[in-house]
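Residue numbers are given in our numbering: position 31 of the sequence shown equals residue 61, and the series is strictly consecutive. Positions of the beta carbon are idealized from the N, C-alpha and C atoms, including for glycine. Inspection log for the structure reproduced underneath, given as structure tokens.
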Amino acid sequence: MGFNKSQFMKTVAEFNAAAGEIRFDPMIKDGKHTSGLAVDKTNWAQRIDQAPYVAYPVTTGITFTFGGLGINGNAQVQTSQTLMLNRYNRALRAGVTRP
């Protein structure tokens, strides 16, 4: 995974300088934020200053529908008119349940 090391170090230094001194509390929105970055972090902004550092390539995607599908009591997906045979909702949370 290639990347620009000097740009990475500059970005980390800018982030660390922008991170506040508020005590970190992972159980609440602690207000430990950054200030002055193009996009500020609003909570849990901890300095990146302890190795080891690990990078993972990522991609975006939609994992859950969060209310986008109607289902019946058997978790079968339904349209407004008909049951869609052999289609089951495996989302974390389904939308409207139709009898």
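Excluding the 5 residues flanking residue i on each side, which residues of the same chain have their C-beta closer than 8 Å to its C-beta?
i, result
"residue 128", "Note on residue 128: pLDDT 48, under 50, position unreliable in the model; no value is reported."
Determine the contact status of residue i and residue j, defining contact as a CB-CB distance below 9 Å.
i, j, result
"residue 85", "residue 33", "yes"
"residue 63", "residue 75", "yes"
Relative to the C-alpha of residue i, which candidate in the options has its C-alpha closest?
i, options, result
"residue 67", "54, 76, 49, 57", "49"
Whose C-beta lies closer than 7 Å to the C-beta of residue i among residues of the same chain, with five residues either side of it excluded?
i, result
"residue 42", "78"
"residue 71", "63, 64"
"residue 36", "none"
Leaving out the 5 sequence neighbours to the left and right, which residues in its chain are closer than 6 Å to residue i when beta-carbon positions are compared?
i, result
"residue 1", "Any answer about residue 1 is impossible in this case: the structure gives the chain only from 31 up to 129."
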